[in-house]
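Taken in order, these protein sequences are the chains called A and B.
Here my numbering runs 180 ahead of the position in the first sequence, where the first position is 1.
Here my numbering runs 2 ahead of the position in the second sequence, where the first position is 1.
Don't be surprised by glycine CBs; every beta carbon is placed ideally from N, CA and C.
One structure is given here, and the rest of the page talks about it.
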Amino acid sequence: MGGPFEATPKNQLGLLARVPHNPPLVEPQASHSGAELGLVLERATFSYGDLWVLKDTDLHVPRGGALLVTGDNGVGKSTFLFLCAGLVPATTGRVLLDGRAPHVATPSDLVRNGVRRGVLFDSGGLLSNLSALNNVTLALRYHADVFGIDEREIERRARAALSELRVAQTDFHALPAHLSLGVRKRVSLARALVLDPNFVFFDDPDAGLDSATRKLVYDLLQRFRDDPKITMVIASNSRPLIERLSVETVELRHGYLLRKNSQTPSSLGPAG
Amino acid sequence: MARLRSTLPYDPRTDRIAEAGWLGAVGHSAIQWFLDADELIHTLSDAVLSYWAPGVAARRTVQRVIIAQIMYTGVQALSLVSAIAFLLGASIIIQTNLMAPADGELIGKILVAVVLRELAPLLTAIVVAGRSGTAMATELGNMKVNSEVLALSSLGIDPPRYIVLPRLVASIVSVLVLMIYFSVVAIFGAFVVAQLTANATWGSLYSGVSRGVLPFDLGLFLVKGIGLGAIVGWLCCHYGLQVKSSPTEVPQKASRAVVMSLLCGVVYSTFVTAMFYWIVGPPIH
C-alpha cells in the first residue's frame with residue numbers, strides 16, 4: 181500500500197542518512213549482495229485492476245545492453261517502460277537498476293547511489309511552468325551537492341546540452357506550451373542527457389518529429405547503444421527506428437514478452 | 003543479449019476474476035476505503051518526512067518553491083481578503099445595531115467572539131481553499147495528465163518534497179498570516195461603520211476588543227490557523243494527485259478537493275472551539 185505516488189515501502193535509513201557536501205559522483209558497483217548490473221526484472225507483474233500489462237516476467241538487460249519493445253497500440257508498452265524505469269511500482273515481483281530497487285516517493289536515493297535515469301516521454305513531459313532552460317537546470321540544481329557542481333557549472337552544462345540538441349537560443353526562455361513538439365522533445369532529451377545517465381528509457385522517441393529532429397534522435401540512440409556504460413530500453417513500433425538500431429527486439433503481447441519471430445505466446449526458456 | 007523468461011501459457015479465462023455477490027461488493031468497497039485512507043495519510047506523511055530527507059541543494063530548491071507558493075497563496079490573496087474582511091466587519095455592526103443600541107465595549111466583545119475566534123479562521127480558510135486550493139488541485143492534476151510527476155521522478159526529484167511539501171507549508175503560513183490580517187481589517191471595517199451609525203469611539207472599541215481577548219485566544223488562533231491551513235494544502239494536493247490520465251478528471255478532482263477542504267475545515271474549526279471551551283471553560287469577565 182502507498183501514497184498518491186504509489187510508493188513502495190520506504191527505506192527509512194535512506195531518509196535519515198546525511199550526504200557530505202560536494203562528494204564525488206560515484207559510479208555504481210555491483211550491489212553489496214552481488215546483484216547483476218543493468219536492468220533486472222524478477223518475477224515482475226503489473227496490472228491495472230483486472231487488466232494485465234505484464235505477467236510474471238524475469239528479464240535481465242545487462243549494463244551496456246539495449247532492448248526494444250514493440251506491440252499493438254494500447255498493449256502497455258509505455259507502462260512497461262515506466263515499470264522498467266522504476267517510475268511505477270510492480271504489482272508483484274521487483275525491478276532493480278544496478279542492484280538498487282527504485283522507490284517511487286524517494287527517487288533521489290537512486291541518484292545518491294550513482295544510478296541516473298534519462299527518460300524521454302512521448303509528449304516530452306516538460307514541466308509546464310518552467311522555461312526550457314529551467315527545465316534542464318532543475319535536476320542539476322536539485323542534485324548539485326551530489327554532483328559537486330556550482331551554479332555557473334549548472335548553467336554551462338544546461339546551455340551546452342540544449343545547444344548540442346540544436347535548440348535555438350531564442351527558445352531557451354520559452355515555456356513548453358510555446359514550443360513545437362519537436363523542440364519540446366529536444367529539450368526533454370537535453371534534460372535527460374544533462375544528468376549523464378547510465379539508464380535511458382525512450383517512449384516512441386521519433387513519433388511526430390520532422391526529419392532533421394528524427395536524424396538527431398537516431399544519432400543519439402546509436403550513441404547510447406554503443407556506449408558500454410549505458411543500458412537502454414526503447415518502446416516503439418517505428419520500422420525505421422527498429423532497422424536503424426538493430427538491437428534485440430521483443431514484442432509485448434497479452435502481458436508476455438515474446439522474442440521477435442515467436443509465433444505463439446508460449447513459455448520461453450531462459451535466454452542466454 | 004537480454005535474458006528473458008515469461009512463464010505461464012496464455013489462457014484468457016485466467017484474466018477474469020469471478021463475479022462477486024453483494025457480500026463481495028461490500029467487502030471490496032471496505033477494502034477500497036482503507037486503501038484510499040492509506041493513500042490520503044501517505045500524502046501527508048511522505049511530505050512531512052521529506053523535510054528531513056538528505057540533500058542540501060534539494061532543500062534550497064524546495065525553499066525557493068515554498069517562497070513562490072507563499073507569494074501566490076498568501077500575498078496575492080490580500081486584496082480579496084481585505085474586501086471580505088472589511089465588509090464582514092461592517093455587516094456585523096449593522097446587524098448589532100439593528101438588534102440593540104451598541105456601544106464600543108459591546109461591539110468590541112462581539113467582534114472578538116464572532117470574528118477573531120470563528121469567522122476569521124474559517125473564512126480565511128474558505129478564501130484560500132476556493133482561490134488557491136482549486137489552483138493547486140488543478141495544477142497537480144494537469145501535471146499527472148501530462149506525465150510531469152513521472153518526469154520529476156525520472157530526474158531523481160522526490161515528488162512529495164518538491165510538489166506537496168511547498169504547497170502544504172505555503173497553505174499553513176498563508177492561512178495564519180491572512181487570519182491575522184483578516185481580523186485587523188474586519189475590526190477596522192466594524193469601527194468605520196460603528197463611527198457612522200453608533201457614534202462609538204475608537205477608545206471604547208479598543209477597550210471592548212482588549213477586554214474580550216483572553217489568553218487562550220492566542221492558542222486557539224494558532225491551532226485553528228495551522229490546522230485549517232494544513233487541511234486545505236493537504237486535501238487539495240491529495241485530490242489533485244489522484245488524477246490518473248484523463249483531463250476530464252481534473253475539474254472533478256479539483257471540485258472534490260475544495261468541497262472536502264471546506265467540509266473538513268468546518269468540522270475541524272467546530273471541534274477545536276468545542277475542545278477549547280471544554281478544556282478552558284467559559285470566559286470570565
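Residue i: first and last residue of the uninterrupted alpha helix (DSSP H) it sits in
| i | result |
| --- | --- |
| Ala232(B) | Phe218 to Leu243 |
| Val363(A) | Leu361 to Leu373 |
| Thr286(A) | Thr286(A) -> no alpha helix (DSSP H), and no H or E assigned at all. |
| Ser342(A) | The sequence shown places Leu at residue 342(A), not Ser. Unbroken alpha helix (DSSP H) run through Leu342(A): Glu331 to Glu344. |
| Ala172(B) | Leu167 to Thr199 |
| Leu247(A) | Careful: Leu247(A) lies outside any alpha helix (DSSP H), inside the beta strand (DSSP E) at Ala246 to Thr250. |
| Gly273(A) | Gly273(A) -> not in any alpha helix (DSSP H); beta strand (DSSP E) instead, spanning Thr272 to Leu277. |
| Phe352(A) | From DSSP, Phe352(A) is part of no alpha helix (DSSP H); its letter is neither H nor E. |
| Leu125(B) | Ala122 to Val130 |
Rounded Cβ spacing between residue i and residue j (contact assumed at less than 8 Å)
| i | j | result |
| --- | --- | --- |
| Glu67(B) | Tyr183(B) | Here residue 67(B) turns out to be Val, not Glu, going by the sequence shown. Their Cβ separation, rounded to whole angstroms, is 23 Å, which puts Val67(B) and Tyr183(B) out of contact at 8 Å. |
| Thr75(B) | Ala256(B) | No, Thr75(B) and Ala256(B) are not in contact; Cβ-Cβ is about 15 Å, not under 8 Å. |
| Val274(B) | Val225(B) | 6 Å |
| Asn144(B) | Val234(B) | Not really, about 19 Å apart at Cβ, beyond 8 Å. |
| Val427(A) | Leu437(A) | That pair is no contact at about 14 Å. |
| Met181(B) | Gly229(B) | Wrong, their Cβ atoms sit about 11 Å apart, outside the cutoff. |
Where residue i falls, given that 16 or more other Cβ within 10 Å makes a residue buried
| i | result |
| --- | --- |
| Asp230(A) | exposed |
| Pro408(A) | exposed |
| Gln443(A) | Because Gln443(A) sits at a pLDDT of 46, beneath the cut-off of 50, its placement in the model cannot be relied upon, and the point is left open. |
| Arg336(A) | exposed |
| Lys257(A) | buried |
| Leu220(B) | exposed |
| Ala324(A) | buried |
| Pro539(A) | No information on residue 539(A) is available, as it lies outside the stretch 181 to 452 that chain A covers here. |
| His358(A) | exposed |
| Ala319(A) | buried |
| His353(A) | exposed |
| Glu207(A) | Unreliable positioning characterises Glu207(A) in this predicted model, as indicated by a pLDDT of 36, which lies under 50. The coordinate reading is nonetheless provided below. It is exposed - the Cβ of Glu207(A) has fewer than 16 other Cβ atoms within 10 Å. |
| Thr272(B) | exposed |
| Ile329(A) | buried |
| Arg169(B) | buried |
| Ala372(A) | buried |
| Asp38(B) | exposed |
| Thr143(A) | Given that chain A is displayed from residue 181 to residue 452, the structure contains no residue 143(A) and the question cannot be resolved. |
| Ala276(B) | exposed |
| Met73(B) | exposed |
| Tyr228(A) | exposed |
| Arg119(B) | buried |
| Ile189(B) | buried |
| Glu41(B) | buried |
Chain C contact for residue i (CB, 9 Å cutoff)
| i | result |
| --- | --- |
| Pro287(A) | Judged by its chain identifiers, the structure shown contains no chain C, and its protein chains are A and B. |
Host beta strand (DSSP E) of residue i (start-end)
| i | result |
| --- | --- |
| Lys235(A) | Leu231 to Val241 |
| Thr429(A) | Glu428 to Arg433 |
| Asp383(A) | Phe379 to Asp383 |
| Phe413(A) | Sequence check: residue 413(A) is Val here, not Phe. Val413(A) -> beta strand (DSSP E) spans Thr411 to Ala415. |
| Phe301(A) | Note, Phe301(A): premise wrong, no beta strand (DSSP E); not H, not E. |
| Glu222(A) | Leu219 to Tyr228 |
| Val215(B) | Run containing Val215(B): none; DSSP gives neither H nor E here. |
| Tyr436(A) | Tyr436 to Arg439 |
Under 9 Å between C-beta atoms of residue i and residue j
| i | j | result |
| --- | --- | --- |
| Gly279(A) | Val220(A) | yes |
| Lys235(A) | Thr225(A) | yes |
| Ile334(A) | Asn378(A) | no |
| Ser303(A) | Ser149(B) | yes |
| Cys238(B) | Val260(B) | yes |
| Val284(A) | Gly305(A) | no |
| Gln402(A) | Arg424(A) | yes |
| Ile159(B) | Tyr322(A) | yes |
| Asp390(A) | Gly362(A) | yes |
| Ile96(B) | Thr250(B) | no |
| Ala55(B) | Ser288(A) | yes |
| Val459(A) | Arg364(A) | Residue 459(A) cannot be examined here, being either before or after the span of chain A that is shown, 181 to 452. |
| Ser176(B) | Ala79(B) | yes |
| Ala338(A) | Val374(A) | yes |
| Arg405(A) | Ser156(B) | no |
| Gly231(B) | Ala70(B) | no |
Contact residues within the segment 25-47 of chain B, judged by C-beta distance below 9 Å to chain A: Phe36, Leu37, Asp40, Glu41, Leu42, Ile43, His44, Thr45, Leu46 and Ser47
The segment 262-274 of chain B: positions lying closer than 8 Å to chain A by Cβ: none
The segment 415-428 of chain A: positions lying closer than 8 Å to chain B by Cβ: Glu428
Positions along the segment 228-252 of chain B whose CB lies within less than 7 Å of some CB in chain A: His240, Leu243 and Gln244
Interface residues of the segment 258-275 of chain A facing chain B [CB-CB below 7 Å]: Phe262, Ala265 and Leu267
Residues in the segment 159-184 of chain B having any Cβ partner in chain A nearer than 7 Å: Ile159, Asp160, Pro161 and Pro162
Short-range partners of chain A found in the segment 63-83 of chain B, where Cβ spacing is below 7 Å: Thr63
Near-chain B residues of the segment 377-402 of chain A - C-beta to any C-beta below 7 Å: none
Chain B contacts from the segment 315-326 of chain A (Cβ-Cβ distance under 8 Å): Leu318, Ala319, Arg321, Tyr322, His323, Ala324, Asp325 and Val326
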